[in-house]
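Residue numbers (the UniProt record's numbering): 1 to 688. Backbone N, C-alpha and C fix where the C-beta goes; we use that ideal spot for every residue, glycine too. No experiment lies behind these values; they were computed from the predicted model shown. I have placed the structure first, in the form of structure tokens, so that the comments after it can refer back to it.
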């Protein structure tokens with residue numbers, strides 16, 4: 001990888017941001033000998049304050065829960081670039097100052113930084129093409145704060161945290177530059193100290209400090225590019241060895257300790273992100289056969305598919321590669337490898353509820369009776385699966401940081417909690433520093449797979465979740481907020497709180513808030529949605545749905561997105577057609593009656609009601625198959641002119657091209673269509 005620090009200049013960096021000259025704005029806090037030439041009625045001080053306020057808001061809006069995210073380059077219609085090098089520099093400087101302040105407050109002892117000791121901060125990044133210029137801004141900001149910076153180059157989010165713990169590195173803090181599965185135009189920052197990832201409230205303080213730094217700098221361009229260049233370090237090799245040693249120790253193979261994966265073929269789909277190292281630096285060196293792995297080459301344009309273990313295309317391509325190569329396991333990583341999903345030897349996708357169930361089964365074997373924290377999008381069947389094995393299921397706010405922090409809190413309160421995992425694939429373990437590490441989670445699965453083979457069971461890992469019941473339907477819809485972006489958060493909170501009020505007042509028959517407050521329900525689930533809301537948390541409520549014919553048959557959750565100005569409506573039912581019934585009730589008895597249709601775009605809700613199925617638009621990603629947020633597994637209305645599609649002679653569906661996109665109607669799990677039906681294979685979207 002070229003050393004971009006040696007080649008980036010002030011002039012080249014300026015191409016990525018728009019400078020403001022002294023004559024552009026007349027800031028009140030700057031002295032000037034020039035007389036104002038405007039009319040007497042013009043209030044210069046008030047104008048300058050408005051400009052400053054707008055600059056402050058621009059930086060504050062970059063906060064995304066416990067991360068910072070924004071648009072880093074042109075390419076998104078209707079979105080301007082807001083994660084500029086000057087903004088990143090101000091945020092990084094504020095983080096560096098925050099780290100120094102925190103270390104100083106820890107007092108005497110090892111935690112305190114002596115005057116002669118430098119505060120050391122590492123930076124890793126995913127392969128996004130905006131990474132190089134923004135890295136320069138990070139190093140400049142850290143230099144401003146008085147920190148020594150270390151460049152890890154291409155890295156993963158979990159590796160950045162581990163760089164604060166593993167010797168000989170043990171940095172005081174670390175930053176990972178990534179926007180996870182979001183488009184190539186986006187980028188962001190994640191922050192770590194030796195205590196773990198920062199909380200939303202901590203990132204809020206850093207962004208507040210950065211906002212005023214940014215607003216009060218006349219020239220919105222980095223000014224410390226001549227600072228000492230960061231030292232390049234090869235931490236990923238140390239991290240890979242750390243992972244390899246875990247597998248060796250836990251498997252303890254009686255014949256070949258150093259290469260315990262001999263005889264196993266494991267496919268990796270890295271999604272062109274940072275996860276390729278796991279193939280050649282972990283699996284290969286442990287003796288595994290990784291032939292057939294796909295999308296290993298880092299490519300910041302992500303040409304093959306969305307690098308996301310929830311993505312249908314990602315799972316389908318991995319499934320095809322596993323079946324084509326008769327592999328034992330397939331692994332799907334997201335861009336920065338803090339999430340993962342797997343495919344078993346029969347091509348069955350294990351993600352979302354199935355992944356949570358698999359990890360729960362493994363953890364409950366190791367720690368009987370432990371509590372397991374998930375987000376509040378999991379099924380009622382998953383709760384029965386966990387409690388049926390002696391575990392306790394605590395459902396909490398959606399958001400991986402919320403889920404992890406809840407697990408930490410429960411442990412502090414004396415409730416043994418070994419697994420915290422979100423539907424999206426973020427999984428953290430008490431034994432692994434409460435870190436959401438997609439590679440570590442995969443290690444747990446691989447270790448269990450090898451142990452099962454050594455025991456002579458002859459079963460696939462899917463055997464561990466054979467008793468998990470799948471819901472008949474799971475659907476997610478979106479309602480965009482009809483307001484300016486700066487007001488969207490408040491409008492979303494208003495809509496969701498109105499929804500809560502309607503349910504509490506019993507305005508929708510058979511609907512009841514699925515919340516137990518702060519109590520612990522050992523025999524069931526705890527939905528603890530908004531017990532301590534903060535200014536940066538997303539609002540959400542989950543409701544249990546019953547009717548006279550079926551009794552309790554499903555649930556619906558309204559959740560404020562922290563990524564985009566919309567509300568996610570997630571619903572699930574054990575009854576065919578149940579989600580359509582839930583959507584009708586939500587539309588007729590809440591959205592229209594409450595007047596929320598004035599501030600919310602409910603067109604997707606209405607299309608689903610009208611058509612009886614989802615119209616799914618293809619992703620904006622180029623050169624790849626469309627991706628769909630649709631998990632229905634029972635028959636419904638088939639659109640006219642639909643084509644029957646069979647995936648490898650097993651699961652099948654009807655696919656129709658509509659004016660607004662695609663409609664997909666599965667005709668039942670395991671159903672078969674014509675023998676010669678068209679189906680997509682591993683190379684259908686240009687992957688190798």
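Among the residues of its own chain, which have a CB less than 7 Å from the CB of residue i, if the five just before and after it don't count?
{"i": "residue 253", "result": "260"}
{"i": "residue 388", "result": "none"}
{"i": "residue 514", "result": "527, 542, 543, 544, 555"}
{"i": "residue 471", "result": "379, 381, 572, 573, 574"}
{"i": "residue 54", "result": "none"}
{"i": "residue 465", "result": "354, 357, 358, 361"}
{"i": "residue 495", "result": "567, 596, 599, 600"}
Classify residue i as buried or exposed, calling it buried when 16 or more other Cβ atoms lie within 10 Å of its own Cβ.
{"i": "residue 170", "result": "exposed"}
{"i": "residue 592", "result": "exposed"}
{"i": "residue 234", "result": "exposed"}
{"i": "residue 552", "result": "exposed"}
{"i": "residue 237", "result": "exposed"}
{"i": "residue 97", "result": "buried"}
{"i": "residue 258", "result": "exposed"}
{"i": "residue 180", "result": "buried"}
{"i": "residue 603", "result": "exposed"}
{"i": "residue 156", "result": "buried"}
{"i": "residue 213", "result": "buried"}
{"i": "residue 104", "result": "exposed"}
{"i": "residue 413", "result": "exposed"}
{"i": "residue 365", "result": "exposed"}
{"i": "residue 188", "result": "buried"}
Less than 7 Å separating the Cβ of residue i from some heavy atom of the ligand ATP?
{"i": "residue 297", "result": "The ligand ATP is not part of this structure, which contains no ligands at all."}
To which residues of the same chain is residue i closer than 6 Å at the C-beta, ignoring the five residues directly before and after it?
{"i": "residue 318", "result": "269, 330, 332, 343"}
{"i": "residue 597", "result": "591"}
{"i": "residue 292", "result": "267, 321, 325"}
{"i": "residue 148", "result": "118, 120"}
{"i": "residue 282", "result": "240, 243, 244"}
{"i": "residue 504", "result": "none"}
{"i": "residue 440", "result": "432"}
{"i": "residue 485", "result": "565"}
{"i": "residue 539", "result": "493, 496, 560"}
{"i": "residue 174", "result": "122, 160, 163, 164, 192"}
{"i": "residue 546", "result": "510, 552"}
Tell me whether the beta-carbon of residue i lies closer than 8 Å to the beta-carbon of residue j.
{"i": "residue 424", "j": "residue 400", "result": "yes"}
{"i": "residue 434", "j": "residue 407", "result": "yes"}
{"i": "residue 264", "j": "residue 288", "result": "yes"}
{"i": "residue 67", "j": "residue 199", "result": "no"}
{"i": "residue 477", "j": "residue 569", "result": "yes"}
{"i": "residue 70", "j": "residue 186", "result": "yes"}
{"i": "residue 100", "j": "residue 207", "result": "no"}
{"i": "residue 328", "j": "residue 345", "result": "yes"}
{"i": "residue 420", "j": "residue 373", "result": "yes"}
{"i": "residue 508", "j": "residue 428", "result": "no"}
{"i": "residue 247", "j": "residue 296", "result": "no"}
{"i": "residue 377", "j": "residue 589", "result": "no"}
{"i": "residue 416", "j": "residue 426", "result": "no"}
{"i": "residue 368", "j": "residue 473", "result": "no"}
Leaving out the 5 sequence neighbours to the left and right, which residues in its chain are closer than 8 Å to residue i when beta-carbon positions are compared?
{"i": "residue 483", "result": "491, 565, 599"}
{"i": "residue 500", "result": "513, 541"}
{"i": "residue 290", "result": "265, 266, 267, 268, 279, 280, 283, 284"}
{"i": "residue 203", "result": "63, 65, 66, 67, 68, 191, 536"}
Restricting to Cα atoms, I'd like to know which of the options is closest to residue i.
{"i": "residue 348", "options": "102, 117, 462, 456", "result": "462"}
{"i": "residue 694", "options": "70, 180, 345, 390", "result": "Residue 694 lies beyond the residue range present for the chain, which begins at 1 and ends at 688; the question has no answer from this structure."}
{"i": "residue 124", "options": "86, 177, 167", "result": "177"}
{"i": "residue 445", "options": "393, 360, 495, 605", "result": "360"}
{"i": "residue 273", "options": "128, 489, 256, 611", "result": "128"}
{"i": "residue 205", "options": "56, 150, 315", "result": "56"}
{"i": "residue 215", "options": "498, 86, 429, 352", "result": "86"}
{"i": "residue 450", "options": "182, 262, 497, 194", "result": "262"}
{"i": "residue 548", "options": "132, 481, 511, 232", "result": "511"}
{"i": "residue 210", "options": "130, 61, 576", "result": "61"}
{"i": "residue 151", "options": "562, 132, 350", "result": "132"}
{"i": "residue 430", "options": "76, 371, 375", "result": "371"}
{"i": "residue 77", "options": "183, 166, 138", "result": "183"}
Segment contact, 8 Å Cβ cut-off, at least three pairs: the segment 334–344 with the segment 157–171: yes
Three or more C-beta pairs below 8 Å linking the segment 308–328 and the segment 237–246: no
Validate contact between the segment 138–146 and the segment 81–98 using beta carbons, cut 8 Å, 3 pairs: yes
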